[in-house]
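Protein chains in written order, with this note's numbering: chain A, 1439 to 1549; chain B, 275 to 388.
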């Protein structure tokens, strides 16, 4: 059974700090990795995707992928209260296969 | 990113009625769309994969006769919850892939069955 594991949190960080969100997955055939942000009562919003080992940076966000360890993470620099949300990790085997989602980590950025 | 439009955003209905939810890809063609359901404080659960021009593929435990999916064109998929009951109350979200592999979500439909 394909699984994506995330710590449910809440993860609390002070404003301006780096928030580190982690995710592990069980399917070694996974090829594509995504991070979504979901505010309460809203649908998920894609914020990062990564396909290759290493780091990928986009603004304040950095996604890190280690396929050997089956581990993907999301770093949020200079965290803002508006970053407070649930962050969902999702993986897929690529192509048109469905994404498998983790249960999400709730992040709280304290002003 | 790609835009996926979903409506209605909120539905309140009586038990036993049917509810139709529409999902449209506005700026790209989507041969495949995905329907998810999310209960409060729970993770997204894939219900079915909607394929243009063919039958939907349902996940284990999802009743295909209760959740009717029609994907009549490359930009439109509909989910009909038939004979809705209070236990069907949930947040239903559609999604579609763009020409790459990125999945974009509609704004979701909050269904409340009285």
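Just so you know, even glycine gets a beta-carbon here, dropped at the ideal spot from N, CA and C.
Original post:
From what residue to what residue does the beta strand (DSSP E) around residue 294/B run?
Top reply: Counting along the chain, the beta strand (DSSP E) containing residue 294/B begins and ends at 293-299.
Original post:
Three-state secondary structure (DSSP) at residue 362/B?
Top reply: Helix at residue 362/B.
**OP:** Could you check what DSSP says for residue 1520/A in three-state terms: helix, strand or coil?
**Re:** Here DSSP, grouped into helix, strand and coil, assigns residue 1520/A to helix.
Subject >> Rounded distance between the beta-carbons of residue 336/B and residue 358/B, thought under 8 Å >> reply: About 15 Å separates the two Cβ atoms, so there is no contact after all.
**OP:** Could you tell me whether the segment 1528-1542 of chain A touches the segment 1458-1465 of chain A, where touching means 3 or more Cβ pairs closer than 8 Å?
**Re:** Contact check between the segment 1528-1542 of chain A and the segment 1458-1465 of chain A: three or more CB pairs, one atom from each, fall below 8 Å, which counts as touching.
Original post:
Exposed or buried, residue 311/B, counting other C-beta atoms within 10 Å across all chains shown (16 or more means buried)?
Top reply: Around the beta carbon of residue 311/B, 16 or more other beta carbons lie within 10 angstroms, which makes this residue buried.
Original post:
What separation, rounded to the nearest whole angstrom, lies between the Cα atoms of residue 1485/A and residue 362/B?
Top reply: In a straight line, the C-alpha of residue 1485/A is about 30 Å away from that of residue 362/B.
Original post:
Going by other Cβ atoms of all chains shown within 10 Å of its Cβ, with 16 needed for buried, is residue 313/B buried or exposed?
Top reply: Classification of residue 313/B: exposed, given that the 10 Å Cβ count is below 16.
**OP:** Spell out the partners DSSP gives residue 1456/A in its beta bridges.
**Re:** Residue 1456/A pairs with nothing; no bridge assigned.
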